[in-house]
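Residue numbers (UniProt numbering): 1 to 131.
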């Protein structure tokens with residue numbers, strides 16, 4: 001199917017997305033996020049965390065997440081401990097698993113967060129100290 005026939009069939013032709021044109025937001029202590037895909041069924045966000053930054057501990061009741069490190073080194077904390085995630089690799093988090101993404105390195109961390117379904121309205125603070 002060509003782009004013209006897709007448009008006439010009511011489909012939107014695929015178009016490239018990047019942080020240059022994506023909706024931007026800030027969070028935490030100097031962290032940035034860009035919503036590359038933002039639908040009820042799928043969310044893809046590129047995030048940047050400066051050295052020493054970390055998310056608050058939390059979980060998602062319904063969303064499964066995959067964190068893929070583009071540049072730098074991430075530390076993913078769960079109740080089972082810490083996992084170092086270097087650039088070019090990723091880590092999955094199942095629904096209901098308390099977690100915290102952190103940048104314990106000395107340089108910026110850039111990563112993708114892929115969530116299915118979206119995490120909008122599905123973020124639950126986790127206050128208990130992990131064992």
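Quick reminder that beta carbons are idealized off the backbone N, C-alpha and C, glycines included.
Rounded to whole angstroms, the gap between the alpha carbons of residue 110 and residue 10 is 35 Å. In terms of CA proximity to residue 58, 97 leads the group 97, 72, 46. It is roughly 31 Å from the alpha-carbon of residue 25 to the alpha-carbon of residue 80. Taking a C-beta distance under 9 Å as the contact criterion, residue 104 and residue 65 do not qualify as a contact pair. Going by beta carbons, residue 42 and residue 115 fall inside the 9 Å limit. Where residue 26 is concerned, the enclosing beta strand (DSSP E) starts and stops at 24-27. With respect to the C-alpha of residue 77, the residue from 92, 99, 87 having the closest C-alpha is 99. In this structure, the beta-carbon distance from residue 95 to residue 62 falls below 9 Å. The Cβ atoms of residue 49 and residue 87 do not sit closer than 9 Å to each other.
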